[in-house]
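Okay, so the sequence shown: first residue is 939 according to our numbering, each after it adds one.
Glycine included, C-beta positions come from ideal geometry on N, C-alpha and C.
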Amino acid sequence: MLDKTLQLQTISGSSSFPEIFFEPEIDRISLTTLQINLGKVCNQTCNHCHVDAGPHRKESMTLDTSSKILQWIKKHKISIVDITGGAPELNPNFRKIVSECRDLGTHIIVRCNLTVIFEEGQEDLSEFYSKNKVELICSLPCYLEENVDSQRGTGVFQKSILALQKLNSLGYGRVEDLILKLVYNPQDDSLPPPQKELEIEYKIELKKLFNIEFNELLTITNMPINRFRTFLERNKKLHDYFLLLKSSYNTQTIDSLMCRHLISVDWKGFIYDCDFNQMLNMKLSNQKLWDYSPEELIGKKIKTNDHCFGCTAGSGSSCGGSLT
Ligand code: SF4
Ligand code: SF4
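Right, here's the structure in full:
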C-alpha cells in the first residue's frame, strides 16, 4: 500500500529555507508512453524554461542513439511517443524519427514552440506534421501579446499566432486526426486556474481575435527547477512558492501522475521517471534505455524530491495538463 503522507521539516542549523520532503512512495503502474528529449537546442530562451534550453546549447541526440531508441520502440511495441526538447525540430534526425515512428503505427506527440516553424530550413514543417498526423502540443501562455512576449521573448506572440493560423489552414484543430493542443502556464508564482474554464476563455478569445481554433488547453504548473527556480530565487519567492505547492497538495493526483505511466529518455539514451527528473539529472541508473525491457520498468519505485509538489498541487499538473 502506498504511503501518501507528507512531512514539512526544517533542518536546524541550515538556512531559513524549510526543507520540504515529498513522502508518498509511488511506483510505475504501466508504460504506455516513451518521452524522448532530443536535447537542449532551442530557438527561444523562455524565462520559465525547465530545460534551460536556448540557441547557445549544444546537447543534441546523435543518429546512433536515435536509431537504438527506434529499435527499442519497435521491439517493445510502444504505443505513444512524446517528442520534446529544446525545440526537437532542430535536431537533424527529427524527421527521420517521426517518419519511422509513423511507419510503426505509433501515436506521435510533438511539443512544438510554434516559432520554430519560421526558422531557416523549417518552411515545410507544418505540412510534414499534417502528413504524418502528428499530435501537436504548443505553448501559448496567454492570448494577449504582452504576457506571451514577457515570458517567451519579444515577437514570440505574433509568430505564434501566424503559426497557429497556418496549422489551422492545414486542418489542425479542425479535423479529427490533426490534434492541436495549447499549453498554458502561469506568468508568475501562482497555480494555474481551472483548466476547463480557461479553455473556454481561450477558445472564445482566440476565435474572436485571430480566427484560431484548437482542440484542448492544457494547464501546467511551473516547476521550481532550473530557470524558473532561478527567477524565484532572484525575486526571493522560492520559499513562498514551495509553501504554496505544499499547502495545495492534492492526494487525488497521485494515481495519475505522469511518471506512473511513462519513461523519459535523454539525448544520450539515459532514462528518468519524467522530463523534470531528467533536468535534475535524477537518472534511473547508468544503464541506457535499450538495456531495459518495459517489464523491468513497470513496478519500479519513482525517484521523487521536493519539485514533485509541482505535480500534486491543486488540480495536479503533468505534460498532459491537469490531473483531476
Ligand atoms: S520553454 Fe520550450 S520554447 Fe522556451 S526555451 Fe524552453 S524548450 Fe525552448
Ligand atoms: S516531478 Fe512529477 S512526474 Fe516527475 S517524478 Fe515527480 S511527481 Fe512524478
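With three or more beta-carbon pairs closer than 8 Å as the criterion, would you say the segment 1025-1043 touches the segment 1239-1251? no
If you pair each beta-carbon of the segment 1132-1144 with each one of the segment 958-974, do three or more pairs fall below 8 Å? no
When the Cα atoms are used, what is the spatial distance from K1104 to K1238? 43 Å
Option nearest R1165 by Cα separation, candidates C987, I964, Q973, G977: C987
Starting from D1020, follow the alpha helix (DSSP H) in both directions and report where the run begins and ends. Element bounds for D1020: not the alpha helix (DSSP H) but the beta strand (DSSP E), 1018-1022.
On the criterion of 16 or more Cβ atoms from any shown chain inside 10 Å, does S952 qualify as buried, or is it exposed? Low per-residue confidence applies at S952: pLDDT is 37, beneath 50, and the placement is therefore not dependable, though the value from the model is reported in the following sentence. Classification for S952: exposed.
Under DSSP, the alpha helix (DSSP H) around T1157 begins and ends at which residues? Run containing T1157: none in the alpha helix (DSSP H); it sits in the beta strand (DSSP E), 1154-1157.
In this structure, does DSSP put G1248 in helix, strand or coil? helix
I'd like the ranges of any alpha helix (DSSP H) spanning at least 4 consecutive residues and lying wholly in the segment 1197-1237. 1213-1217, 1232-1235
Taking one C-beta from the segment 1047-1054 and one from the segment 1013-1031 each time, how about it: are there three or more such pairs within less than 8 Å? yes
N- and C-terminal bounds of the beta strand (DSSP E) containing I1035: Note, I1035: premise wrong, no beta strand (DSSP E); alpha helix (DSSP H) at 1032-1042.
Indicate the three-state DSSP secondary structure (helix, strand or coil) for S1064 in the structure shown. helix
Among W1010, G977, A991, D1213, which one has its Cα closest to the Cα of Y1230? W1010
Would you call the CB atoms of S998 and W1205 closer than 8 Å? yes
What three-state label does DSSP hand V1121 in the structure shown? strand
Just checking R1090 against ligand 1 - is the residue's beta carbon closer than 7 Å to any of the ligand's heavy atoms? yes
Just to confirm, are T1159 and L1261 a CB contact at a threshold of 8 Å? no
Which class does C1257 belong to by DSSP, given the choice of helix, strand or coil? coil
In the DSSP assignment, the beta strand (DSSP E) including L1074 goes from what residue to what residue? 1073-1077
Can you list, in chain order, every residue whose CB sits closer than 6 Å to a heavy atom of ligand 2? L1195, M1196, C1197, D1211, C1212, F1214, N1215, I1240, T1242, H1245, C1246, C1249
Where S1107 sits in the DSSP three-state scheme: helix
Return the chain-ordered list of same chain residues with a C-beta closer than 7 Å to the C-beta of T971, the five sequence neighbours on each side being excluded. I1018, D1020, H1199, L1200
Have a look at K1071, N1085, G1258, F1032 and flag the residue whose alpha-carbon is nearest the alpha-carbon of G1059. F1032
Inspect the CB distances between the segment 1117-1124 and the segment 1073-1089 and report whether three or more fall short of 8 Å. yes
How many angstroms separate the CA atom of N1085 from the CA atom of A1101? 18 Å
What do you reckon, is the C-beta of S1077 under 7 Å from a heavy atom of ligand 1? yes
Under 7 Å: does the beta carbon of Q1103 sit that close to some heavy atom of ligand 1? no
Rounded separation between N1070 and K1175 - CA only: 43 Å
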